[in-house]
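> Using our numbering, you'd call the opening residue of the sequence shown number 9 and step up by one each time. Idealized CB from N, CA, C, for every residue including glycine. Quantities reported herein were computed from a predicted structural model and do not represent experimental measurements. Please read through the structure below; I'll follow up with questions.
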Amino acid sequence: MTIRLGFHSPAAGARVGRNFTVTGFAFDDGKPMPGDPPGGRVGVSSLKVAIGTGAGEEAARSGADWSIPGALPSSVRGGDPVTVTATCQGTVTFDDAPGENHPFSVDATLRVLAEQAGPAGTTENTADATVTPDAVAPPALSIDEPFNTNVPGSPLPAVFTLTGGTNGSEVGVTGVRYSVPNGPSGPAENTGPGGDWKTWRARIPLPSTGTFPITVTASDFLGRTAVGLVTVMVLEPPTVTLDPFDTDVTVTSLPFQLILTGETLGAPAGILGVRYAVTNGPSGAAVDTAADGDWSTWRAQIPLPTTGTFPVTITASNSAAQNGASTVNVDVQAAPPTVTLDPFDADVTVTSLPFPFVLTGEAFGALAEITEVRYAVTDGPSGPADGTGPGGAWSTWHADIPLPTTGTFAITATATDSLGHTGTASGSVRLRL
């Protein structure tokens with residue numbers, strides 16, 4: 009519809025005295041414009057008149073008419089032109105949205121000439137203000153940043169929150185809505201001061217994992233729109249699996265480099281990385297071994313510093329700040345000592361009994377020192393050997409074994425290290441007369 013503002017008097021170009029009265033009219037024509045909703049009503053909140061460069065004064069209103077006494081500025085001389093400006097402000101309300109007020113402001117000007125005295129004219133001088141797209145700025149929409157477009161997929165539905173702003177209800181914004189193709193749609197929440205739609209918030213329930221384009225639309229009372237679009241990915245919760253490996257490990261040196269490999273869900277879970285952590289031990293990053301770099305496969309090299317049982321946890325993290333983990337226990341044991349027998353004559357002719365059989369050899373510990381070497385004859389004697397290495401070390405050893413009778417004897421040499429681990433070597437000897 010059109011709001012009409014104009015002057016009854018004085019007439020345009022009229023000569024006016026130092027003091028004169030300005031009268032006019034302000035009303036709507038009651039005719040909807042193309043695209044207007046039905047049932048529009050106008051409410052005038054202010055009608056001010058300014059003479060020359062002076063401040064506007066509120067005019068007295070009676071129905072559609074108004075009037076105000078005027079005075080020429082003291083600086084105006086006879087014959088000088090003077091502009092009279094009337095400004096009418098208010099709101100338009102339509103029946104289909106009675107709680108929404110659409111503001112308008114319209115100015116009408118009249119040019120008169122200064123004279124000491126002069127009759128007031130009667131010619132109408134009219135200005136119109138039309139509540140149409142030409143008179144009201146179109147809606148504008150903004151979406152706040154930053155926000156994380158990767159949303160945790162557990163629990164479902166995943167609620168994604170967007171906030172933003174518009175240019176407000178003073179330019180006719182009546183609401184903001186969101187919509188998701190083949191998904192939910194609904195109104196945003198008006199969070200602007202006084203409900204002016206300057207700011208808004210939308211909580212959007214996304215029903216499943218996957219990619220969702222979200223359209224946010226601000227509308228005004230003329231049906232015009234401003235649109236924003238964001239694309240959100242609801243991520244699968246991350247999981248991590250380990251490829252089979254030997255959890256019982258025998259080592260000959262430390263630290264032991266444990267190699268683990270495995271898989272994650274990769275891109276559907278938005279995996280950003282995989283890390284390992286050993287309880288009371290080292291931690292670090294795994295390596296992405298996937299061809300497309302999505303962490304669907306990974307490899308970790310983990311230095312285990314000592315022997316013992318180590319809980320190792322592998323954790324995959326995604327871009328929605330979710331974690332998935334798998335833990336396995338790895339048992340690291342030192343390799344047993346190595347003991348060897350030097351060559352000896354396994355078939356001996358004796359002239360007396362018992363026969364002092366001499367056995368020699370070497371012994372080495374994998375991760376700990378050798379503390380003892382002993383011999384044992386099946387169904388015969390047993391006892392300690394002697395360390396014959398430097399300083400009595402067990403790198404070489406010697407055993408005097410009394411064999412009591414003739415026959416074949418199975419002999420076992422056993423080396424023990426400081427961790428209690430043992431290693432053995434066996435041979436046999438035959439005694440005959």
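#1: Decide if the region 263-282 is in contact with the region 350-368; the criterion is three or more beta carbon pairs, one per stretch, under 8 Å apart.
#2: From this set, Arg211, Thr258, Ala401 and Val286, which residue's C-alpha is nearest Pro319's C-alpha?
#3: Val347 to His406, Cα distance in whole Å?
#4: Which same chain residues end up closer than 7 Å to Gly43 when comparing Cβ atoms and leaving out the 5 residues on each side of it in sequence?
#5: Going by DSSP, what residues sit across from Gly32 in a beta bridge?
#6: Please tell me whether Gly173 and Lys206 are closer than 7 Å, where the distance is taken between their beta carbons.
#7: If you draw a straight line from the alpha carbon of Pro163 to that of Leu214, how long is it in whole angstroms?
#8: First and last residue of the beta strand (DSSP E) that includes Gln265?
#9: Tell me which residues share the same chain as Ala433 and place their Cβ nearer than 6 Å to its Cβ, disregarding the 5 neighbours each side in the sequence.
#10: Please give me, in chain order, every unbroken run of the beta strand (DSSP E) with length at least 3 that falls completely inside the region 198-229.
#11: Mapping the DSSP letters down to three states, classify Pro311 as helix, strand or coil.
#12: Which same chain residues end up closer than 6 Å to Asp302 when comparing Cβ atoms and leaving out the 5 residues on each side of it in sequence?
#13: Hey, is the region 144-164 in contact with the region 186-200, meaning 3+ C-beta pairs nearer than 8 Å?
#14: Looking at the structure shown, is Pro160 part of a helix, part of a strand, or coil, going by DSSP?
#15: May I have the straight-line CA-CA distance separating Val184 from Val295, to the nearest angstrom?
#16: CB-CB under 7 Å to Gln309, same chain, minus the five flanking residues each way: which ones, in chain order?
#17: Span of the beta strand (DSSP E) holding Gln341?
#18: Apart from the five residues just before and just after Thr131, which ones in its own chain have a Cβ nearer than 6 Å to its Cβ?
#19: Just to confirm my understanding: we take Pro147, look at its own chain, exclude 5 residues before and 5 after, and list those with CB closer than 8 Å. What are they?
#20: Can you grab the Cα-Cα spacing for the pair Thr297 / Trp306, in whole Å?
#21: Please classify Phe253 as buried or exposed, where buried requires at least 16 neighbouring CB atoms within 10 angstroms.
#22: Leaving out five residues before and five after Gly129 in sequence, what residues of the same chain have Cβ atoms less than 7 Å from its Cβ?
#23: So, for Gly431: in the same chain, excluding its five sequence neighbours on each side, which residues have a beta-carbon less than 6 Å away from its beta-carbon?
#24: Please say whether Pro313 and Pro263 have beta carbons closer to each other than 7 Å?
#25: Can you tell me where the beta strand (DSSP E) holding Arg438 begins and where it ends?
#26: How far does the beta strand (DSSP E) with Phe352 in it reach, from first residue to last?
#27: Output the distance between the C-alpha atoms of Ile378 and Thr404, rounded to the nearest integer angstrom.
#28: With 16 other CB atoms within 10 Å as the buried threshold, where does Thr219 fall?
#29: Helix, strand or coil for Gly415 per DSSP?
#30: Pull up the DSSP beta-bridge partners for Ser325, would you.
#31: Taking just the CA atoms, how far does Ala293 sit from Thr247?
#32: Pull up the distance between the alpha-carbon of Ile212 and that of Glu65, whole angstroms please.
#33: Nearest CA to the CA of Pro221: which residue from Val57, Leu441, Asp251 and Asn190?
#34: Beta strand (DSSP E) containing Val238: first to last residue?
#35: Could you tell me the boundaries of the beta strand (DSSP E) in which Leu427 lies?
#36: Can you have a look at Gly71 and say buried or exposed, based on whether 16 or more other CB atoms are within 10 angstroms of its CB?
Quick answer:
#1: Judged by Cβ distances under 8 Å, the region 263-282 makes no contact with the region 350-368, as fewer than three pairs qualify.
#2: Closest option to Pro319, Cα to Cα, is Val286.
#3: Using only the alpha carbons, I get a separation of about 12 Å.
#4: Below a pLDDT of 50, predicted positions are generally treated as unreliable, and Gly43, at 46, falls in that range; the measurement from the model is reported next regardless. The residues Leu230 and Gly231, in chain order, have a CB closer than 7 Å to that of Gly43 in the same chain once the five nearest residues on each side in sequence are set aside.
#5: Answer is Phe15 and Trp74.
#6: Result yes, Cβ atoms of Gly173 and Lys206 sit closer than 7 Å.
#7: Computed Cα separation, rounded: 11 Å.
#8: For Gln265, the enclosing beta strand (DSSP E) stretches over residues Phe264 to Thr272.
#9: Once the five neighbours on either side are set aside, the close Cβ partners of Ala433 are Val347, Thr348, Leu349 and Ala421.
#10: Within the region 198-229, complete beta strand (DSSP E) segments of at least 3 residues are found at 207-214 and 218-228, given in chain order.
#11: In this structure, DSSP gives Pro311 an extended state, which the three-state scheme calls strand.
#12: Once the five neighbours on either side are set aside, the close Cβ partners of Asp302 are Gly274 and Ala275.
#13: No: the two stretches stay apart, fewer than three of their Cβ pairs being nearer than 8 Å.
#14: In the structure shown, the three-state DSSP call for Pro160 is strand.
#15: Between the alpha carbons of Val184 and Val295 lies a gap of roughly 46 Å.
#16: Contacts found: Gln265 and Ile267.
#17: Its beta strand (DSSP E) spans residues Asn331 to Ala342.
#18: Any reading at Thr131 needs caution, since the residue's pLDDT is 30, under 50, leaving its predicted position unreliable; the model's value is listed next. Contacts found: Ala19.
#19: If we look at Pro147 and ignore the five residues flanking it on each side, its Cβ neighbours are Thr174, Asn175, Val179, Gly180, Val181, Ala226, Ser227, Asp228, Arg232, Thr233 and Ala234.
#20: Cα to Cα, the separation comes out at about 5 Å.
#21: Burial call: exposed.
#22: Since pLDDT at Gly129 reaches only 34, below the 50 mark, its modelled position is unreliable, and the value read off the structure follows with that caveat. Excluding the 5 residues flanking it on each side, Gly129 has same chain C-beta neighbours closer than 7 Å at Ser17, Pro18, Ala19 and Ala22, in chain order.
#23: The residues are Pro344, Pro345, Thr346, Val347 and Ala423.
#24: Contact: yes.
#25: Its beta strand (DSSP E) spans residues Thr430 to Arg440.
#26: Counting along the chain, Phe352 falls outside any beta strand (DSSP E), and DSSP gives it neither H nor E.
#27: Their Cα atoms are separated by approximately 11 Å.
#28: By the 10 Å Cβ count, Thr219 comes out exposed.
#29: When DSSP states are grouped into helix, strand and coil, Gly415 belongs to the strand group.
#30: Looking at the DSSP output, Ser325 sits in a beta bridge with Gly281 and Asn331.
#31: Cα to Cα, the separation comes out at about 16 Å.
#32: So the alpha carbons of these two residues sit roughly 49 Å apart.
#33: Checking every option, the nearest Cα to that of Pro221 belongs to Asn190.
#34: In this chain, the beta strand (DSSP E) harbouring Val238 covers Thr233 to Leu243.
#35: Taken as a continuous stretch (DSSP letters only), Leu427 belongs to no beta strand (DSSP E), as it is neither H nor E.
#36: Exposed is the label assigned to Gly71, since fewer than 16 other Cβ atoms lie within 10 Å of its Cβ.
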